[in-house]
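Numbering (our numbering), first residue to last: 31 to 420. Below: one structure, written as structure tokens.
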């Protein structure tokens with residue numbers, strides 16, 4: 031169900047929730063004296079951000095409801111268009127077969143017409159020649175009147191038969207010509223129908239493609255929000271538990287002389303390899319967030335700390351898989367997610383280059399694939415501005 035919607039919670043609330051957790055870890059003094067106005071203000075700020083996330087959750091539910099309302103109708107519309115396209119294809123196939131038959135018949139009719147015209151022409155030529163010599167010779171060669179009348183009778187029969195033959199040929203020619211005309215009209219009509227139906231088919235296909243794309247978009251959004259809603263509920267619970275636990279935690283004291291801010295643009299990569307894409311290319315355009323980067327390891331899947339700090343979270347988050355969050359002081363945090371294995375647990379102090387986990391199996395490279403973020407509080411920072419890019 032979540033295929034095609036990588037890390038949907040990164041767009042909404044899980045990491046801000048964990049960041050709140052880490053802020054309290056870095057500054058537990060805000061909870062040590064509830065009477066302080068500054069501490070009370072910090073607590074109210076946390077509660078306000080939690081309330082804001084609940085509002086986003088309600089908006090997600092509303093959006094999901096709207097999407098689901100039109101989803102069924104859209105699917106039915108697409109299916110109806112598919113049936114219409116198939117029906118048009120069938121009609122075009124039948125029309126094409128009928129047109130080929132008519133064209134074949136037209137060819138035969140034209141050939142028969144030409145044969146009839148040729149026979150009529152030969153007959154007319156024969157009659158013309160016989161009329162000039164034949165009738166006179168026939169009459170003058172007789173020996174007596176009986177033979178004369180007998181020849182006249184034969185001549186009348188021949189003339190009568192010739193007349194019938196001429197009429198038959200003329201009628202046949204006229205019929206053939208009419209049949210040719212009808213066949214031509216039928217062919218033109220069928221060809222016109224095919225052109226019209228093909229235009230309709232093209233139009234329906236375009237409409238179907240648009241509907242299918244809309245349907246795919248609705249499905250993706252539905253999956254995105256379903257995932258986000260579930261994880262929001264879990265994240266809200268995790269934040270409450272984290273705040274409760276952080277009341278009893280010791281503050282993390284940084285021993286190094288340099289601060290995270292001092293090494294901007296000089297930090298080593300957490301995984302030896304290449305950047306394959308940033309999260310902006312993955313995120314829905316409407317969210318317009320810039321968060322982390324994806325690194326594909328070259329050969330060694332070891333994920334290392336890029337700066338000294340303390341592991342404030344080590345566990346599994348829905349949408350992020352196995353994740354390690356390191357607090358580097360001054361509210362700076364690094365997030366290593368999609369790990370195959372975590373080598374450090376919550377509370378461990380780490381140094382630069384220390385292995386904190388193994389990159390997950392997300393690509394063809396034996397070095398695995400890592401999702402990495404840098405944050406200050408709840409604000410995302412561009413990792414490429416902080417890492418030493420070669």
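Even for Gly, the Cβ is constructed at its ideal location relative to N, Cα and C.
Checklist entry - Cβ of residue 405 within 9 Å of Cβ of residue 363? => result yes
Next on the checklist: By the three-class DSSP mapping on this structure, what secondary structure does residue 423 have?
Outcome noted: The requested residue 423 is not part of the displayed model; the chain covers only 31 to 420.
Checklist entry - Are the stretch 292–302 and the stretch 322–329 touching by the rule of at least three beta carbon pairs closer than 8 Å? => result yes
Item to check | 8 Å contact criterion, which residue 382 and residue 336 should meet: CB distance rounded | outcome: 7 Å
Checklist entry - For the beta strand (DSSP E) that contains residue 376, what are its first and last residues? => result No beta strand (DSSP E) contains residue 376, which DSSP labels as neither H nor E.
Item to check | Span separating the alpha-carbon of residue 332 from that of residue 399 | outcome: 10 Å
Next on the checklist: Which residue wins for smallest C-alpha separation from residue 417, given the options 341, 304, 126 and 119?
Outcome noted: 304
Checklist entry - For residue 124, which of 366, 155, 221 and 208 has the nearest alpha-carbon? => result 221
Checklist entry - What is the C-beta distance between residue 341 and residue 375, in whole angstroms, given that I count them as a contact (C-beta under 8 Å)? => result 7 Å
Item to check | Burial state of residue 198 (16 or more Cβ within 10 Å) | outcome: exposed
Checklist entry - Under a three-way DSSP split, which group does residue 289 fall into? => result coil
Checklist entry - When DSSP labels each residue in this structure, what does residue 197 get in the three-state scheme? => result helix
Item to check | Rounded C-alpha distance that separates residue 181 from residue 188 | outcome: 10 Å
Item to check | residue 288 versus 334, 354, 358 and 232, residue with shortest Cα-Cα distance | outcome: 358
Next on the checklist: With H, G and I counted as helix, E and B as strand and the rest as coil, what does DSSP make of residue 296?
Outcome noted: coil
Next on the checklist: Taking 8 Å as the cut-off, is the beta-carbon of residue 291 closer than that to any non-hydrogen atom of the ligand SAM?
Outcome noted: The ligand content of the structure shown is nil, which means the ligand SAM is not present either.
Item to check | residue 401, buried or exposed, once every other Cβ within 10 Å from all chains shown has been counted against 16 | outcome: buried
Next on the checklist: Just to confirm the assignment, what range does the beta strand (DSSP E) spanning residue 402 have?
Outcome noted: 399–406
Item to check | As assigned by DSSP and simplified to three states, the class of residue 152 | outcome: helix
Next on the checklist: If the criterion is Cβ atoms closer than 9 Å, does the pair residue 366 and residue 345 meet it?
Outcome noted: no
Checklist entry - Going by the CB atoms, is the gap between residue 290 and residue 360 shorter than 9 Å? => result yes
Checklist entry - Is the beta carbon of residue 155 sitting closer than 9 Å to the one on residue 224? => result no
Item to check | Candidates 179, 208 and 116, of which the one nearest residue 142 by Cα | outcome: 208
Checklist entry - Assuming residue 228 contacts residue 415 under a Cβ cut-off of 8 Å, what Cβ separation, rounded to an integer in Å, is found between them? => result The pair is not a contact, with the Cβ atoms about 56 Å apart (cut-off 8 Å).
Item to check | N- and C-terminal bounds of the beta strand (DSSP E) containing residue 344 | outcome: 339–347
Item to check | Collapsed DSSP secondary structure at residue 333 in the structure displayed | outcome: strand
Checklist entry - Helix, strand or coil for residue 385 per DSSP? => result strand
Checklist entry - Hey, how far is the Cα of residue 403 from the Cα of residue 411? => result 8 Å
Checklist entry - So what does residue 365 bridge to, in DSSP terms? => result 355 and 403
Checklist entry - Are the CB atoms of residue 352 and residue 368 nearer to each other than 9 Å? => result yes
Checklist entry - To which residues does DSSP link residue 409 through a beta bridge? => result 406
Item to check | Test item: CB-CB of residue 379 and residue 339 under 9 Å | outcome: yes
Checklist entry - Nearest CA to the CA of residue 397: which residue from 373, 354 and 330? => result 330
Checklist entry - Around the C-beta of residue 200, are 16 or more other C-beta atoms found within 10 angstroms, so that it is buried, or is it exposed? => result exposed
Next on the checklist: Quick check on residue 417: does DSSP put it in helix, strand or coil?
Outcome noted: strand
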